[in-house]
Each structure stands twice: as structure tokens, then as C-alpha cells.
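These notes concern the structure reproduced below.
This is the structure in C-alpha cells:
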């Protein structure tokens with residue numbers, strides 16, 4: 001038996017009494033060196049005497065929620081036979097932390113002994129919620145889910161912090177949870193447990209009752225009551241009490257439903273709804289072939305007492321009707337995702353095993369350092385729960401990295417359809433290999449362990465862009481700008497992200513996969529233009545908005561170093577649209593004082609061979625797009641918004657000039673010069689797709705650059721000395737501004753490079769985009785007569 005002796009301190013900082021295992025002074029003595037495994041769970045580390053008497057309330061009584069252990073004691077307990085699990089966790093967290101300089105600067109310490117050898121150093125422990133500063137005593141408990149560890153002497157304010165992420169968690173029915181002292185949660189490894197479903201219900205309830213932004217559409221045109229929403233045209237109904245499934249025609253009805261976002265695979269193709277099996281499914285047959293993912297989603301809905309589920313492959317007729325149902329339903333997805341109670345998403349690369357299976361021991365956050373159970377003692381007069389303990393663990397991956405790995409870097413986020421589903425869904429429930437992640441528009445993402453994920457700490461540029469995009473889309477859409485960007489800026493940023501994603505059926509889905517998003521953007525544009533709330537007269541053509549087409553046409557292929565040349569052309573889309581190619585694209589930054597040059601005078605929405613003799617719709621003096629004929633009432637028939645539009649022939653009036661395309665601009669110096677001269681930012685890096693352009697009469701003088709993604713010239717071909725002749729259409733003018741006292745604004749031309757089709761007079765297809773800064777060329781454009789051309 002170990003010898004009884006009084007130790008110096010249990011938690012010994014600032015105003016804490018000399019023996020604060022209990023502030024009333026009881027039980028001051030304990031077996032410091034004896035380890036007791038009787039209270040540890042199966043496989044849990046034992047605790048030393050100090051840690052068996054850990055006093056949570058000593059932290060709660062301190063204004064800064066900070067206490068500490070003598071470092072030498074922690075090291076001794078960590079190194080002792082059978083070692084203390086908590087001391088080992090603490091010591092490991094500060095093992096490599098440097099000793100604060102101010103502690104030793106006035107001491108004679110020529111050898112600079114390492115931190116671990118200094119008996120006067122302390123491990124400072126600070127309790128907090130998501131690392132926020134302490135707010136003093138709280139009536140609802142201390143509310144802690146994090147412990148920050150630092151190295152310093154006993155009273156120093158200069159402390160060096162560990163970068164280990166130590167987390168606190170309590171079981172839902174434990175005293176620590178009931179008292180509000182520990183807000184982190186441990187729900188266990190089984191996502192089908194009652195604790196998990198209670199957590200989901202609690203999150204839904206909190207969001208739906210406390211977040212106004214999560215209860216209205218993005219455009220602000222409709223309020224959302226997710227418990228009584230307009231149902232999609234069809235849903236799968238889960239009947240009671242037997243749980244039998246039926247495909248129901250639910251259009252025009254109200255109710256509660258859940259949506260699923262998923263990646264199509266061979267299993268999806270096998271179980272999809274077609275005209276051939278539609279009647280069987282209406283009668284409750286034909287659901288035995290559903291993959292595990294779908295069955296799990298239906299099981300989740302049943303456990304949450306939600307009677308309807310919407311899954312695109314089951315609720316939209318996928319074949320047998322020439323795509324009619326798909327074209328009808330695609331624009332409705334904005335409403336379907338926004339009005340659902342929640343959207344479920346699985347992030348595993350292989351979803352064969354579905355969503356509902358226990359977390360693997362190697363996937364949980366504490367997989368490397370283990371889960372340590374510490375005693376919890378309630379404050380005076382607080383209710384006592386059935387479990388007098390809580391847990392602490394070190395995250396194997398920092399929270400933000402775990403989130404990026406499990407969610408943002410998942411294969412699901414490389415799927416084209418996910419963008420609008422992510423932006424439009426009010427509540428997303430991510431099933432990841434390491435646990436649930438709850439995400440809503442107001443509060444952002446948080447884990448099932450009740451950890452708030454601070455996405456502002458993300459440093460990756462592409463992910464920052466994703467998050468800025470979502471934040472902008474949720475700011476008041478009636479404002480002049482959304483988070484610093486207009487709604488049209490938002491649209492182009494969204495397309496840039498979408499263009500980098502994959503599609504199973506690009507020939508059908510390239511435009512359809514953002515149709516729901518387009519519908520909401522159209523409503524916002526219509527409201528800003530004073531056209532009312534329905535947006536029915538916003539003209540949307542092959543993924544671009546007619547009102548901003550002079551900018552929309554200026555998309556540029558963005559190919560990273562080593563990235564393959566595009567290989568898939570979407571034949572249904574016109575050459576001038578970003579939708580024509582399965583490749584990553586980007587748009588130029590809008591600049592101050594831009595002036596339109598070419599203008600749209602008419603639109604055809606039918607494919608025809610050769611030149612169109614007349615436009616289906618013309619743009620009148622008011623800017624309205626109207627049919628050529630007049631209705632009997634004398635009111636012109638205006639074009640109507642169509643989010644599924646895939647093709648349009650543009651009838652343009654503008655100025656064309658010939659230019660010659662030469663070789664690539666291969667050096668960083670040449671690229672920098674070309675970018676600066678044409679007000680382009682940021683400067684692209686070599687290798688780049690930019691080619692030099694010159695005037696036909698001066699082939700030796702570079703007048704600008706061209707990015708020609710559709711020029712039929714081999715990659716190794718530098719073009720002839722005089723270059724290859726193409727047509728340049730002046731789309732708009734921007735300005736290169738310079739000077740501090742004497743300011744200058746030099747014009748730069750935005751150009752669309754074209755090729756005439758099969759000798760047809762005035763019918764062109766796009767080759768690429770570029771800019772020119774040459775003053776002689778600018779003067780030539782000024783004196784050029786406008787032409788009527790057709791762009792297909």
C-alpha cells in the first residue's frame with residue numbers, strides 16, 4: 001500500500017486554495033502514486049490519485065476558467081508503471097512546447113534545461129467553449145468543450161500554448177451535460193442510437209425555431225414552414241405501421257419531407273424509376289432493388305417520423321418519356337431542396353454499405369490518443385445525473401482538417417449537382433466516417449460532438465471561395481451587393497466552381513444541374529429590376545443572363561498545370577456558352593466604368609442549318625425580348641424565363657476586325673507584361689493558354705493576348721510567322737487606370753474571337769476570348785462599321 005502524504009496542490013494556480021480537490025477542503029489527502037483501474041471502463045486508461053480527484057468546479061469558480069498541474073508531477077504520473085491516462089495526455093500535449101522566455105531571461109541557466117526538466121513549470125489548463133474567452137459564471141453551467149494547455153510558471157501571464165486540440169464531451173444524460181458544464185457530447189459509435197436521433201431532432205428544432213434566414217427562400221420571396229411545406233410532384237411515402245413504401249403523386253399537397261444528395265453509380269441506374277416500373281411503384285412494388293444508401297435514408301426518415309422522402313432517381317421518371325419529366329422537374333429542384341426538412345448526404349467514397357453502420361475505431365476523433373474518462377462532481381444544489389463522469393480526448397486531426405477531409409474533400413463535392421443542393425438546402429446532415437456533421441445557413445457546420453466548425457480559419461483558396469460564395473448567397477439578396485458581390489457576380493463565381501465538377505450525363509445535365517439555382521437568381525434579378533416577384537421575363541440562355549451577356553460571353557478556360565485538354569463537347573450547347581465544353585472556366589473581374597460595345601438584337605432558340613433569316617425574339621427599345629408578332633390586344637408577347645434552356649443563336653450587332661494569332665506567351669515576364677497592359681488581374685502563371693495577337697499589317701508587334709480553347713491547332717504548333725487569321729468581335733471596353741496625381745484611364749478592348757462557319761455569310765462560332773491594348777487597333781475599331789452577325 002502506498003504511503004499517505006499531503007501533496008502540494010491538486011490544481012494549484014492563482015486564487016485556488018492549497019488543496020482544492022474540493023473547495024470545502026474535504027478529502028485533502030489521497031494516494032498520489034497509486035493507480036486505480038476499477039473505475040475505468042473496458043480498455044480505458046487508469047488514472048492516478050490526482051486525476052481521480054479531478055475537480056471540474058475549481059475551473060468553474062475561476063474568472064478565466066484556468067487551473068494547472070505542476071509539470072514535474074504530470075511527467076512523473078505519465079511515466080509511472082501503468083501510467084495515468086490523463087497525465088499522459090497532458091504531458092504529450094506540452095512535450096514539445098518551448099519554455100516561455102521571460103521565465104529564464106534573468107536566471108543563470110547556461111545549459112538552458114529543457115521544459116520537461118524544470119520542476120517549477122506548470123501545465124496551465126483553460127476550459128472554454130470553442131476556445132472563446134471565459135464570460136464569468138453562467139447560470140446554465142460553464143459550457144465547455146475545449147481545454148487549452150499551456151506552459152508557464154505558476155503566476156506568469158506569458159504562456160506558450162500547445163497546438164494539440166483537447167476536447168471535452170459528456171453523454172447526453174450525464175450530470176455534466178444536464179448541468180450545462182460540458183457542452184461537448186459523446187453519443188457513442190452507433191449512428192442508429194437513440195442519442196444520435198435525439199441530437200438530430202434537437203438540431204432541427206433549434207434551427208427551425210431560432211433561425212429566420214433558414215426559414216425563407218434565398219430570394220426572400222417565400223417563407224418556409226418545413227413541417228408543412230409544398231411537397232414535390234412525387235415522393236416516396238413510408239406508411240405506418242408496416243413501413244411499406246409507395247411512390248406517391250404529391251404535387252399540390254403539403255407535408256414534411258427529406259431530400260437526399262448523392263452520387264449516381266451502377267446501383268442508382270438499376271433502381272431508377274422509369275415509365276416501365278412506374279405503376280408498380282405507385283402500387284408499392286419494385287422497391288426491393290433499392291441500394292443500402294436509399295434504404296438507410298428511408299430508415300432515417302422513419303425514425304424522425306417524417307413520412308416522405310424525395311430522391312431524384314426514384315421520384316423523377318428517368319427514361320421512357322424522352323426526358324420530358326426530367327426537363328419539367330429540374331427547375332423545381334430549387335424549391336424541393338429549400339423546402340425540405342433537411343438534406344442528407346453521405347461522404348464516403350464507396351456508399352455500398354450505406355450510412356448506418358458503426359464508426360470504425362480508426363475513424364473516430366480520438367483514434368490515436370484514446371478516450372479518457374474523468375470524474376465529474378456537480379456544483380452545490382445542482383441536480384445529480386446518473387453518470388458522474390465526462391470524457392476528454394485529443395483529436396487525431398484538428399477539427400477544421402477533419403471537416404475538410406470528411407466533407408469538403410469528399411468525392412461528393414466533386415459531383416456537379418452538389419453545388420446547388422449545398423447552396424439551396426436549408427439544413428444539411430452529413431454522414432461521415434467519423435460522425436455526423438450538422439450544417440445550416442445561419443449557424444454553419446458543427447459536429448455531433450457539438451463542436452462548432454469555424455470555417456473562417458480555412459486557408460485553402462478554393463475552399464475559401466466556396467464558403468464566401470455560400471455566405472454571400474445568404475446575405476440579404478435585396479441589398480445592392482451580397483457580401484461584397486452582386487448577384488451576377490455570385491452567379492459567375494458559382495459557375496466557376498460548378499465547371500470544375502464532374503457529371504455522369506453532361507449532354508443532358510450541363511445546364512440542368514444549375515437550373516434550380518438559376519431560378520432563385522432569376523427571382524432576385526427580377527426583384528431588383530422592378531419586374532415583380534415571379535421573374536418570368538428574365539431571359540436566361542444556355543447558362544447566361546441576357547441582361548449581362550456582354551460579360552457572360554467573356555468566360556475563359558482555366559487549365560491548371562498538367563491538367564488535360566478538354567475532351568468532351570456538349571453538342572446541344574452553343575459555342576459561345578461555357579456549357580459547351582466540359583472544362584473549368586472563369587470570368588473576368590468586373591471593372592469600374594466598363595462600357596458595352598456589341599449588343600444583342602435578337603434570339604433564336606431553335607437549331608437550324610445555315611443562317612437564320614429572322615429572329616424568334618427581338619429586343620425592343622425598352623430592352624424587352626418580345627416575339628416578332630403582336631397579340632390581338634396589341635401587347636407584345638415577351639420571352640419567358642426557362643431555366644432549362646440549352647441552346648440559343650444570338651443575333652448580334654457589333655464591330656468585327658481581323659487579327660492574327662501567333663505563338664504562346666511562354667515566360668512569366670511576357671505574361672506579366674500582357675496582363676498589366678490589359679488590366680488583367682491576377683497575372684496568370686506559366687504555362688498558360690495565352691497566345692500573342694497582332695494586327696495583319698504589323699505581325700511583329702504584339703497588341704494583346706488570346707485564350708483560344710476551341711482553335712483547331714495542335715498544342716505544339718506556334719502558328720505561322722504571320723499568325724492565323726481570326727475575327728475579333730469588340731464586346732466591351734474596360735480601362736487601365738494609372739497615375740497618382742495625374743490620373744490616366746487607357747482603354748482596353750474585351751474581344752471575342754470567332755470563326756465563320758462553312759462560308760455562311762455572317763454565321764460564326766466562338767474560338768476564344770482575349771484583350772487588346774494597341775491604340776492603332778482601338779482607332780480602327782472606332783472607325784469600323786457595325787455588322788449584323790449570328791453566333792451559334
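In full-length UniProt numbering, the protein residues as written are 1 to 792. We put the CB at the ideal spot given by N, CA and C, even for glycine.
**OP:** Hey, could you find the ends of the beta strand (DSSP E) residue 449 is sitting in?
**Re:** Neither: residue 449 is in no beta strand (DSSP E) and is coded neither H nor E.
**OP:** Would you mind listing the beta strand (DSSP E) stretches within the stretch 651-700 that are 3+ residues and don't spill past its ends, in chain order?
**Re:** Counting only unbroken stretches of 3 or more residues, the beta strand (DSSP E) elements lying wholly within the stretch 651-700 are 656-664 and 690-694, in sequence order.
Original post:
With DSSP run on the structure shown, which of helix, strand or coil describes residue 405?
Top reply: helix
**OP:** Give the single residue among 773, 557, 761 and 791 whose Cα lies nearest to the Cα of residue 497.
**Re:** 557
**OP:** Identify, in the order they occur along the chain, each residue of the same chain with its Cβ nearer than 7 Å to the Cβ of residue 561, setting aside the five sequence neighbours on each side.
**Re:** 687
Subject >> Minimum C-alpha distance to residue 236 - residue among 419, 294 and 659 >> reply: 294
**OP:** Would you tell me roughly how many angstroms separate the C-alpha atoms of residue 84 and residue 90, rounded to the nearest one?
**Re:** 10 Å
**OP:** Using a threshold of 8 Å, state whether the C-beta atoms of residue 703 and residue 754 are closer than that.
**Re:** The answer is no: Cβ separation not under 8 Å.
Original post:
Do the stretch 408-418 and the stretch 197-205 meet, that is, are 3 or more Cβ pairs less than 8 Å apart?
Top reply: no
Subject >> Proximal residues to residue 738 (C-beta, below 6 Å), its chain only, five neighbours per side dropped >> reply: 744
Original post:
When you compare only the Cα positions, how much space is there between residue 792 and residue 274?
Top reply: 34 Å
Original post:
Secondary structure at residue 60, three-state DSSP: helix, strand or coil?
Top reply: The answer is helix: DSSP assigns residue 60 an H, G or I state.
**OP:** Write down the C-beta distance between residue 284 and residue 246 rounded to the nearest angstrom, noting that I regard them as a contact closer than 8 Å.
**Re:** 5 Å between Cβ atoms; contact.
**OP:** Just the C-alpha distance for residue 75 and residue 495, rounded to the nearest angstrom, thanks.
**Re:** 55 Å
Original post:
Between residue 157 and chain B, is there a C-beta pair that is closer than 8 Å?
Top reply: Among the chains of the structure shown, chain B does not appear; only one protein chain is present.
Subject >> Through-space distance from residue 182 to residue 173, alpha-carbon basis >> reply: 12 Å
Original post:
What are the start and end residues of each continuous alpha helix (DSSP H) run of 4 or more residues lying completely inside the stretch 304-368, in chain order?
Top reply: 312-315, 324-329 and 333-339
Subject >> Segment limits, alpha helix (DSSP H) that includes residue 420 >> reply: 418-424
Original post:
Can you give the Cα-Cα distance for residue 281 and residue 585, rounded to whole angstroms?
Top reply: 41 Å
Original post:
Are residue 364 and residue 403 close, meaning C-beta to C-beta below 8 Å?
Top reply: no
Original post:
By how many angstroms is the C-alpha of residue 166 removed from the C-alpha of residue 130?
Top reply: 11 Å
Subject >> Segments assigned beta strand (DSSP E), at least 3 residues, entirely inside the stretch 171-246 >> reply: 234-238
**OP:** Would you kindly report the start and end of the unbroken alpha helix (DSSP H) that includes residue 491?
**Re:** 487-499
Original post:
Do you know whose CA, among 455, 421 and 601, lies nearest residue 512's CA?
Top reply: 421
**OP:** Could you tell me whether the stretch 441-456 touches the stretch 368-379, using the rule of 3 or more Cβ pairs below 8 Å?
**Re:** no
Subject >> Extent of the continuous alpha helix (DSSP H) to which residue 598 belongs >> reply: From DSSP, residue 598 is part of no alpha helix (DSSP H); its letter is neither H nor E.
Original post:
Got a sec, what are the start and stop residues for the beta strand (DSSP E) residue 750 sits in?
Top reply: 744-756
Original post:
Does the beta-carbon of residue 595 have 16 or more other beta-carbons within 10 angstroms, so that it is buried, or is it exposed?
Top reply: By the 10 Å Cβ count, residue 595 comes out exposed.
Subject >> Contact between the stretch 306-326 and the stretch 365-375 (3+ Cβ pairs under 8 Å) >> reply: no
Subject >> Helix, strand or coil at residue 725 according to DSSP, with G and I counted as helix >> reply: strand
Original post:
For residue 390, which residues does DSSP report across the bridge?
Top reply: 374
Original post:
What do you get for residue 451, buried or exposed, if any count of 16 or more other CB atoms within 10 angstroms of its CB means buried?
Top reply: buried
**OP:** With a threshold of 16 other CB atoms inside 10 Å of the CB of residue 621, please say whether the residue is buried or exposed.
**Re:** exposed
Original post:
For the putative contact between residue 728 and residue 591, defined by C-beta atoms under 8 Å, what is the C-beta separation to the nearest angstrom?
Top reply: Not a contact, Cβ separation roughly 20 Å.
Subject >> Spatial neighbours of residue 783 in its chain, beta-carbon cut-off 8 Å, leaving aside the 5 residues before and after >> reply: Nothing listed; no residue qualifies.
**OP:** Could you pull out every residue in the same chain whose Cβ sits closer than 7 Å to the Cβ of residue 361, ignoring the five residues on either side in sequence?
**Re:** 367
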